[in-house]
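A.B. asks:
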Ligand code: VG1
Ligand code: CO
């Protein structure tokens, strides 16, 4: 086996964002681009030499090619064993599960998550640490620094490795184990949920469900677990075949992109329960019949009902949510007398809290929910949690959520995304808010008075590290909030996100339309940020 030490020059744009390095496929396919980044990971993680690496992706265009390149580099960098998902497929939570279960030195996950795939679309890569979670900022910073000074990478001359047949292959001194992509993950789900009870729910014949895999990675997972193991009728999983371009769709489980599913649920005799997941299987959308559960509410409901589910029946230790996520979960934590944490956007900030046993459930408003069973958000886990709950409580999704609002009050919540905005225009809007931060306190806007305005900074309670510049917040006296931030996952232009929240205690007013309930605050946001003026857009691209 011949190992080449290839001379290269650094790319200055290899800085991981909210979740790994995401670029157009064309960028990744430039000579040396992927190789430089992967070598940077090997260079800053010396434990990989002689260690075990997990490798897999969401099956998007360039997945297989990238896996072969990484395998050649892994041999050349002295990795002892690589665990690869069959066909190169691993959902993000399944990769996290494998990294933890087989006490490995980490994993490389190939995905651009909810971004479209195909030759002209997006690709991505991220490194996860041995706890199974996305590398924390300290590590992504090291990787980026290394990528900026790289001069050589190591790669072996070996033929392509068969990724489609499970089993062990030896490549020089390295072992490649191709594993069934679903087995270990399915076992983990069995250890947390009451499969018999969920099976009975489907057998009963009165309950029906639809799961939209959006032609992305969760197809095989959902089919195995929902249809084969739980006995849901064939066809429960729609768009279950992973495709390299996700059927030209946008594998983002929200009301806009999961339209087929939404249409199916918004009929009078539609299924009782609907769910969808994203490109890499870490997001989830939960629907009842003609009812949408906001991800923020979902986190709060799961926390309040955790005692119904075997894996959490002993109680949960704490809840963590990202800053823009609504404060619905805070009320549950308060009532349960457990800790509640507010972290910056991105799953990597939950890792320490989960490792330290201070948080059991975590969630983000962006359709991300999970627990301490892995160190990633987990789409199918959230769906199974809901299913388990529906089986135990025997009520509809809508009734469970309405009951929750009656007990805790409702946090009306919406996110407005302005996608593909000119970077300078997006920054101008952000700057307009930033400039007012010091003067907003005490200012009145209609019925709302500003209690605090700041640029969110987070001090990790476990390691004391500080993350600054994590979003501009305007908090009002009665718990209402506006948050402005720029996305860190896009690959073209800027995406400006506006998050709007207001608390309503009165059950008589819980059935208002969300956009109407929040209209005054949405107007205040425009007054403060001038997003429409700066961007020339008269409406957001996506409202959730
Ligand atoms: C978005 C979401 C964030 C999520 C991230 C990764 O980031 O807002 O909550 O953690 O995507 O999710 P941003 O920086 O674009 O707002 V995924 O499913 O793309 O791994
Ligand atoms: Co994702």
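Residue numbers (UniProt numbering): 1 to 544. Note that CB positions come from ideal geometry on N, CA and C, so glycine has one too. This one's a predicted model, so the numbers in the text were calculated from it and none came from an experiment.
1) From what residue to what residue does the alpha helix (DSSP H) around residue 541 run?
2) Count the other CB atoms, across all protein chains shown, that sit within 10 Å of the CB of residue 151; report buried if there are 16 or more and exposed otherwise.
3) CA-CA distance, residue 74 and residue 40?
4) Measuring alpha carbon to alpha carbon, tell me which of 379, 527, 514 ends up nearest residue 544.
5) Can you tell me where the alpha helix (DSSP H) with residue 403 in it begins and where it stops?
6) Where does residue 447 land, buried or exposed, given buried means 16+ other C-beta within 10 angstroms?
7) Please confirm if the region 266 to 275 is in contact with the region 80 to 93, defined as three or more CB-CB distances below 8 Å between the two stretches.
8) Looking only at its chain, what residues have a beta carbon closer than 7 Å to the beta carbon of residue 5, apart from the 5 residues adjacent to it on each side?
9) For ligand 3, is there any heavy atom lying closer than 7 Å to the beta carbon of residue 257?
10) Going by C-alpha distance, which of 112, 197, 199 is nearest residue 246?
11) Along the chain, where does the alpha helix (DSSP H) containing residue 432 start, and where does it finish?
12) Take the Cβ of residue 508 as the centre, count every other Cβ of all protein chains shown within 10 Å, and call the residue buried at 16 or more, exposed below.
13) Where does residue 558 sit, in a helix, a strand or coil, going by DSSP?
14) Flag this pair as touching only if the region 417 to 437 and the region 487 to 498 have three or more C-beta atom pairs under 8 Å; answer yes or no.
15) Which value, in whole angstroms, describes the spacing of the CA atoms of residue 228 and residue 164?
16) Under 7 Å: does the beta carbon of residue 51 sit that close to some heavy atom of ligand 2?
17) Quick one: what does DSSP say residue 495 is sitting in, helix, strand or coil?
18) Check each candidate in 220, 103, 304 and name the one with the smallest Cα separation from residue 54.
19) In angstroms with no decimal places, state the Cα-to-Cα distance between residue 265 and residue 485.
20) Compare the Cα-Cα distances from residue 119 to each of 20, 24, 179, 185 and report the closest residue.
21) Quick check: the region 173 to 190 against the region 114 to 129, are there 3 or more CB pairs under 8 Å?
22) Am I right that residue 500 and residue 525 are in contact with their C-beta atoms under 8 Å? What's the rounded C-beta distance?
23) Just verifying my parser: in three-state terms, what is the DSSP assignment at residue 391?
24) Mind checking whether the beta-carbon of residue 282 lies closer than 7 Å to any heavy atom of ligand 2?
25) Taking the alpha helix (DSSP H) that residue 250 belongs to, which residues open and close that run?
26) Can residue 122 be considered in contact with ligand 2, in the sense that its beta carbon sits closer than 7 Å to one or more heavy atoms?
27) With distances taken from CA atoms, which of 478, 459, 210 is nearest residue 380?
28) Starting from the Cα of residue 257, find the closest Cα among 216, 297, 535 and give me that residue.
29) Which same chain residues, not among the five before or five after residue 477, have their C-beta less than 6 Å away from its C-beta?
30) Below 8 Å on the Cβ atoms is my contact criterion, and I expect residue 345 with residue 469 to pass it. Report the Cβ-Cβ distance as a whole number of Å.
31) Decide if residue 178 is buried, meaning its Cβ has at least 16 other Cβ atoms within 10 Å, or exposed.
32) So is the beta-carbon of residue 381 under 7 Å away from any non-hydrogen atom of ligand 1?
33) Within the continuous alpha helix (DSSP H) that includes residue 141, where are the two ends?
34) Distance check for residue 62 and residue 31, CA to CA, integer angstroms please.
35) Apart from the five residues just before and just after residue 292, which ones in its own chain have a Cβ nearer than 7 Å to its Cβ?
36) On the premise that residue 361 lies in contact with residue 299, defined as a C-beta separation below 8 Å, what is that separation, rounded to the nearest angstrom?
C.D. replies: This is what the structure holds:
1) Unbroken run through residue 541: none, as it is neither H nor E.
2) exposed
3) 12 Å
4) 514
5) 397 to 408
6) exposed
7) no
8) 152, 154
9) Here the bound small molecules are ligand 1 and ligand 2; ligand 3 is not part of this structure.
10) 112
11) 423 to 440
12) exposed
13) Given a span of 1 to 544 for the chain in the structure shown, any question on residue 558 remains unanswerable.
14) yes
15) 21 Å
16) no
17) strand
18) 103
19) 32 Å
20) 24
21) no
22) 6 Å
23) helix
24) yes
25) Note, residue 250: premise wrong, no alpha helix (DSSP H); not H, not E.
26) no
27) 210
28) 216
29) 449, 451
30) With a Cβ gap of about 11 Å, residue 345 and residue 469 do not count as contacting.
31) buried
32) no
33) 137 to 149
34) 14 Å
35) 255
36) 7 Å
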